[in-house]
Amino acid sequence: MKKIIIVSLFLLLMPTVVLAEDVQIAASIEGEELLVFVDDKQVNFPDQEPFIDENNRTMIPVRFPTEAFGAEVDWVQEEQKVVTKNQDREVKMWIDNNIMEVNGEEQEMDTTPIIKNDRTVVPTRFIAEALGVDVDYERVSYIAEDDSEIVSDNIGIVFNFTEDQLESEIEQLKEDIMTKVKDNLPEIEVPEDPADAHPALDDYNLDYEVDKKYIDELGHEDTTLHEPNELQGLSAYMFYDGWTEEGRQDAARILNRRLQDMDKVNEIMDYVENEGMPQTFERFETDSYTIRIASDLLYIYEK
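Under our numbering, think of the first position of the sequence shown as 1, with each following residue one higher.
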């Protein structure tokens, strides 16, 4: 599962950033993506991307974001030391050393700066907080499509604030960035033909999100999807109008996401069309699922 981490440093605009309206997200399924923002601006990294280290810390090349918010960065080769300064703080870090100094006082980190691809890479939270930046974090899950298969991804959003702002202003900034990021995320293409429905992900919550997208984009006005219940093995639960072609298509898409067997789906929907009655359930069995269906309700239980 790929994770995209977004680090947002609420700071001053410098030449290494681009407008958030032009937010760039590499939507490939391979690897791990990290996005860094300064205020509502995205920082570009020309030769070494941020990453998550073995201690689960977000690591960034120190020069680009620190220079972007007006701090000076110096490298002392003989000491393998990086020094960052702003108006009232001086931060010293050493390669492969978990001790840093802030205005001469030692502080311990739970990871260490390193050299990677000839860049000095430091832990985001420690350098940001040492320079007086407040840090906040959000995570967003989303779904994407890769070779007609659905995969799930996460975006971790780390917000860092340096300016005195009202709480409402901070929340609005966060919301604006998250909205712009979401607007640039890849989307799945919902197929009209139930035979082309994406296979289930074996994750109740993510499958529910996919099902919702199916209903939101193609669903009949009377179709209502309800949340699954993993404890009961209830994979899908929906109200639909089985007396309309559109309603039966909604049910067929949700069914075939689980069954991946259109012969069985057609058997079930033929029953609904020709014999189904409201609140009168018929039971169908497959190797993996039990289906209870009436002309207005569908329950899909995982065995």
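Ideal placement from N, C-alpha and C gives every residue a C-beta, glycine not left out. All values reported here derive from a predicted model rather than from experimental measurement.
Residue 278 counts as exposed, since fewer than 16 other beta carbons sit within 10 angstroms of its beta carbon. If only complete runs of 3 or more residues are kept, the segment 62–146 shows the beta strand (DSSP E) at 72–76, 81–85, 90–94, 99–102, 105–108, 114–116, 119–123 and 134–146, in order along the chain. DSSP places residue 41 inside the beta strand (DSSP E), whose first and last residues are 41–43.
Annotation: the continuous alpha helix (DSSP H) that includes residue 265 extends over 262–275. Counted as a single uninterrupted DSSP element, the stretch harbouring residue 296 is not any alpha helix (DSSP H), since DSSP gives it neither H nor E. The beta carbons of residue 127 and residue 198 sit no closer together than 7 Å. Residue pairing by DSSP puts residue 51 in a beta bridge opposite 59.
Per the coordinates, the alpha-carbon of residue 186 lies some 32 Å from the alpha-carbon of residue 266.
Rounded to the nearest angstrom, the Cβ distance from residue 110 to residue 97 is 13 Å, too far for a contact under 8 Å. Between residue 295 and residue 219, the CB-CB gap reaches or exceeds 7 Å. Comparing alpha-carbon positions, the option among 270, 173, 257 and 179 lying closest to residue 214 turns out to be 257.
In the three-state DSSP reduction, residue 237 falls in the strand class (E or B). In this structure, residue 72 and residue 85 form a Cβ contact; the two beta carbons are roughly 5 Å apart against a cut-off of 8 Å.
When C-beta atoms of the segment 41–51 are compared with those of the segment 117–135, three or more pairs fall below 8 Å, so the two segments count as touching.
The three-state reading of DSSP puts residue 179 in helix, counting H, G and I together.
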